[in-house]
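Trainee: I am attaching a structure below and will ask some questions about it afterwards.
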Ligand code: F6P
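Residue numbers (the numbering used here): 288 to 629.
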């Protein structure tokens with residue numbers, strides 16, 4: 288295979304499995320006799336030519352490690368035109384024949400725009416939220432769900448011992464995939480997600496109904512992006528570079544309202560970044576590895592402007608513009624499934 292220099296970066300919130308993708312790209316790159324340059328802290332590293340050559344040793348012993356050895360940030364080069372020009376200049380001065388961007392809707396949205404400006408870019412879909420379109424799963428989601436499920440299991444025993452209502456707030460900014468999967472797997476009694484505004488009276492009715500059936504405790508899983516009449520509950524309203532507020536607090540408000548309306552003692556647990564930290568599951572390690580090698584194959588085929596994706600159990604590819612054009616929300620099939628267990 289002819290020699291090629293490939294750039295690699297990880298952007299947006301970190302996610303278990305990022306190191307598996309990096310390792311896949313580096314090992315596959317070495318096999319092709321390519322040079323792989325890792326840029327630190329997302330688009331910021333590419334703008335500032337902050338890089339490290341990724342040789343075999345650099346990816347030794349990282350498969351099981353959470354986070355990203357390259358670091359990450361929520362830098363948006365499209366905030367300032369000069370930053371886009373800097374990226375073009377750095378790609379040129381390093382003679383990069385291709386760039387692999389590993390990220391979610393924001394990072395890959397930037398990749399789609401840069402591709403339209405003529406840069407040879409491919410993407411790999413990352414996010415614990417699993418809300419990226421055109422892929423059945425993103426890596427990181429399975430790990431987050433398993434952590435959240437274990438926490439719901441643990442909340443059950445203490446809820447039952449004290450006859451309490453336990454509200455558990457999970458991540459999920461626009462889509463409630465983590466709350467849906469972890470809630471179903473952990474047997475939550477009510478699952479509340481951004482796709483359907485919270486009806487507190489309905490939640491209280493369900494808790495009362497459980498009491499009538501002799502179940503004196505309840506577990507309520509709520510995604511941080513779930514809303515009361517469409518209004519986000521925010522921790523901080525300052526916007527990040529992609530225009531997102533910092534969500535958080537919906538669980539607390541919900542717990543207070545439940546306690547006030549039902550009279551049942553209610554507690555709240557916010558899982559937060561615990562869902563994003565630590566070691567990836569086997570599923571995420573394998574998916575990350577497949578995405579890494581898949582991204583290299585896209586470059587071999589000169590299929591720039593594409594993202595690797597999972598369709599069934601097959602690795603395939605989709606245009607970045609389609610993957611980032613809309614979010615993948617929880618489907619009505621899952622909303623209906625959850626209702627069976629309320
Ligand atoms: O995008 C993934 C995500 O985990 C969201 O669910 C959450 O709202 C956000 O990142 C939090 O990000 P941070 O606190 O790192 O800015």
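For glycine and all other residues, C-beta sits at the position ideal for the given N, C-alpha and C.
Computed from a predicted model, the values in this text were never measured in an experiment.
Rounded to whole angstroms, how far is the Cβ of residue 321 from the Cβ of residue 397, which I believe are closer than 8 Å?
Mentor: Start at 1 with the first residue of the chain shown, and residue 321 comes out as number 34. Start at 1 with the first residue of the chain shown, and residue 397 comes out as number 110. In fact, because the Cβ distance is near 23 Å, the residues do not count as touching under 8 Å.
Trainee: In whole angstroms, what is the alpha-carbon distance linking residue 590 and residue 581?
Mentor: Here the question's residue 590 lines up with position 303 in the chain shown. Here the question's residue 581 lines up with position 294 in the chain shown. Each residue's Cα considered, the two are about 11 Å apart.
Trainee: Less than 7 Å between the CB of residue 391 and some heavy atom of ligand 1, yes or no?
Mentor: Position 104 of the chain shown, counted from the first residue, corresponds to residue 391. Yes, the beta carbon of residue 391 sits closer than 7 Å to at least one heavy atom of ligand 1.
Trainee: So the candidates are 352, 455 and 386; which of them puts its Cα closest to the Cα of residue 305?
Mentor: For the purposes of this step, residue 305 is taken as residue 18 along the chain shown, with counting starting at 1. The shortest C-alpha separation from residue 305 is found at 352.
Trainee: Would residue 505 and residue 452 be called neighbours here (beta carbons separated by less than 8 Å)?
Mentor: Locating residue 505 in the chain shown gives position 218, counting from the first residue. Locating residue 452 in the chain shown gives position 165, counting from the first residue. Yes, they are a contact pair.
Trainee: Go through the stretch 342 to 394 residue by residue and report every complete run of the alpha helix (DSSP H) that reaches 4 residues or more, in order.
Mentor: 368 to 380
Trainee: Since residue 557 and residue 538 are thought to touch, with beta carbons under 8 Å apart, how far apart are those beta carbons, to the nearest angstrom?
Mentor: For this step, residue 557 is matched to residue 270 along the chain shown. For this step, residue 538 is matched to residue 251 along the chain shown. Indeed, because the Cβ distance is near 6 Å, the residues count as touching under 8 Å.
Trainee: Counting pairs of beta carbons, one from the stretch 449 to 468 and one from the stretch 617 to 624, are three or more of them closer than 8 Å?
Mentor: Short answer: they touch.
Trainee: Distance, Cα to Cα, residue 518 vs residue 577?
Mentor: For the purposes of this step, residue 518 is taken as residue 231 along the chain shown, with counting starting at 1. For the purposes of this step, residue 577 is taken as residue 290 along the chain shown, with counting starting at 1. Rounded to the nearest angstrom, the two C-alpha atoms are 39 Å apart.
Trainee: Indicate, with yes or no, if ligand 1 has a heavy atom lying under 7 Å from the CB of residue 329.
Mentor: Counted from its first residue, the chain shown places residue 329 at position 42. Not so, every heavy atom of ligand 1 lies at least 7 Å from the Cβ.
Trainee: Only counting runs of 3 or more residues, tell me where the beta strand (DSSP E) segments fall wholly within the stretch 521 to 592, in order along the chain.
Mentor: 521 to 523 and 553 to 557
Trainee: On the CB-based measure, 16 or more other CB atoms within 10 Å of its CB, does residue 448 come out buried or exposed?
Mentor: In the chain shown, the residue the question calls residue 448 occupies position 161. Residue 448 comes out exposed.
Trainee: Figure out for me which residue from 296, 608 and 389 has the closest Cα to the Cα of residue 412.
Mentor: Along the chain shown, read from residue 1 onward, the residue named residue 412 stands at position 125. Of the listed residues, the one whose Cα sits closest to residue 412 is 389.
Trainee: Please report the Cβ distance between residue 534 and residue 441, rounded to the nearest whole angstrom; I am assuming they are in contact, meaning their Cβ atoms lie under 8 Å.
Mentor: As a position in the chain shown, residue 534 is number 247, starting the count at 1. As a position in the chain shown, residue 441 is number 154, starting the count at 1. The Cβ separation is near 23 Å, so there is no contact.
Trainee: Is residue 439 near ligand 3, with its Cβ less than 7 Å from a heavy atom?
Mentor: With respect to ligand 3, the structure shown offers nothing to examine, as its ligands consist of ligand 1.
Trainee: Can the beta-carbon of residue 436 be found closer than 8 Å to that of residue 472?
Mentor: For the purposes of this step, residue 436 is taken as residue 149 along the chain shown, with counting starting at 1. For the purposes of this step, residue 472 is taken as residue 185 along the chain shown, with counting starting at 1. Yes.
Trainee: State the beta-bridge partners of residue 413 as determined by DSSP.
Mentor: By 1-based counting over the chain shown, the position of residue 413 is 126. According to DSSP, residue 413 bridges with 426.
Trainee: Counting along the chain, where does the beta strand (DSSP E) carrying residue 340 start and finish?
Mentor: Against the chain shown, residue 340 aligns to sequence position 53. Per DSSP, residue 340 belongs to the beta strand (DSSP E) from 338 to 340.
Trainee: Using the three-state DSSP reduction, which class does residue 453 fall into: helix, strand or coil?
Mentor: Position 166 of the chain shown, counted from the start, is the residue given in the question as residue 453. Strand, per DSSP.
Trainee: Roughly how many angstroms separate the alpha carbons of residue 370 and residue 334, rounded to a whole number?
Mentor: As a working note, residue 370 is residue 83 in the chain shown. As a working note, residue 334 is residue 47 in the chain shown. C-alpha separation (whole angstroms): 6 Å.
Trainee: Using 8 Å for Cβ pairs, my map puts residue 414 next to residue 302. What's the rounded Cβ distance?
Mentor: Here the question's residue 414 lines up with position 127 in the chain shown. Here the question's residue 302 lines up with position 15 in the chain shown. With a Cβ gap of about 6 Å, residue 414 and residue 302 count as contacting.
Trainee: Closer than 7 Å: is that where the CB of residue 534 sits relative to any heavy atom of ligand 1?
Mentor: Start at 1 with the first residue of the chain shown, and residue 534 comes out as number 247. Yes; taking the cut-off as 7 Å, the Cβ of residue 534 has a heavy atom of ligand 1 nearer than that.
Trainee: State yes or no: is the C-beta of residue 459 nearer than 7 Å to some heavy atom of ligand 1?
Mentor: Here residue 459 refers to the residue found at position 172 of the chain shown. Indeed, a heavy atom of ligand 1 lies less than 7 Å from the Cβ.
Trainee: Could you have a look at residue 601 and say whether DSSP puts it in helix, strand or coil?
Mentor: To locate residue 601, count along the chain shown from 1; it is residue 314. Strand at residue 601.
Trainee: Could you tell me if residue 425 is buried or exposed, where buried requires 16 or more neighbouring beta carbons within 10 angstroms of its beta carbon?
Mentor: Along the chain shown, one-based indexing puts residue 425 at 138. Per the 10 Å Cβ criterion, buried.
Trainee: Measuring only from the beta carbon, is residue 414 closer than 7 Å to any heavy atom that is part of ligand 1?
Mentor: What you label residue 414 is simply residue 127 of the chain shown in a count that begins at 1. Flag set: Cβ of residue 414 near ligand 1.
Trainee: Between residue 360 and the rest of its own chain, which residues show a CB-CB distance below 6 Å, the 5 nearest in sequence each way excluded?
Mentor: Counted from its first residue, the chain shown places residue 360 at position 73. Once the five neighbours on either side are set aside, the close Cβ partners of residue 360 are 328, 329 and 331.
Trainee: Thinking C-alpha only, which one of 349, 628, 567 and 606 is nearest residue 407?
Mentor: As a first step, residue 407 is located in the chain shown; it is residue number 120 there, counting from the start. Minimum Cα distance to residue 407 is reached at 606.
Trainee: Among residues of its own chain, excluding the 5 on either side of residue 450, which ones have a beta-carbon nearer than 6 Å to its beta-carbon?
Mentor: Numbered from 1 along the chain shown, position 163 holds the residue referred to as residue 450. The answer, listed in chain order, is 503 and 504.
Trainee: Give the DSSP-derived three-state secondary structure of residue 311 in the structure shown.
Mentor: In the chain shown, the residue the question calls residue 311 occupies position 24. Three-state DSSP puts residue 311 in a helix.
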